[in-house]
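Numbering (our numbering), first residue to last: 465 to 576.
Right, one structure below, let's go through it.
What follows is the structure, given as structure tokens:
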């Protein structure tokens, strides 16, 4: 993973909504990433997957949304099995990355 983590531009952390440990591990992954980026702001999204397994849900949506917000991440849920909302995290990242780009362009123009 070291090579992929050298210069990240965005982050997407995916966890299994039916697995509490999977959700708990998100904090560890985020901590590892932030240690490598030295406080650099990265657009990111936390994705809860396997929403089709309704009766097996272990992590409530509200809890995950609150954690994501505290961490400065956007949040969405998907079911890859049912192909529900699978494009949403990519749209979120694309929009966030584009907004970051526009802000940098505006900053550059203000310096000229």
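Even glycine gets a Cβ: it sits at the ideal position worked out from N, Cα and C.
State the Cα-Cα distance for the pair residue 503 and residue 546, rounded to the nearest angstrom.
Using only the alpha carbons, I get a separation of about 37 Å.
With DSSP run on the structure shown, which of helix, strand or coil describes residue 538?
If DSSP states are grouped into helix, strand and coil, residue 538 belongs with the strands.
Taking the beta strand (DSSP E) that residue 513 belongs to, which residues open and close that run?
Looking at the DSSP string, the run of the beta strand (DSSP E) that includes residue 513 is 508-513.
DSSP three-state label for residue 575, please.
Residue 575 falls in the helix class under three-state DSSP.
Could you spell out where the alpha helix (DSSP H) holding residue 497 opens and where it closes?
Element bounds for residue 497: 484-501.
Does DSSP put residue 548 in a helix, a strand or coil?
It is a strand residue.
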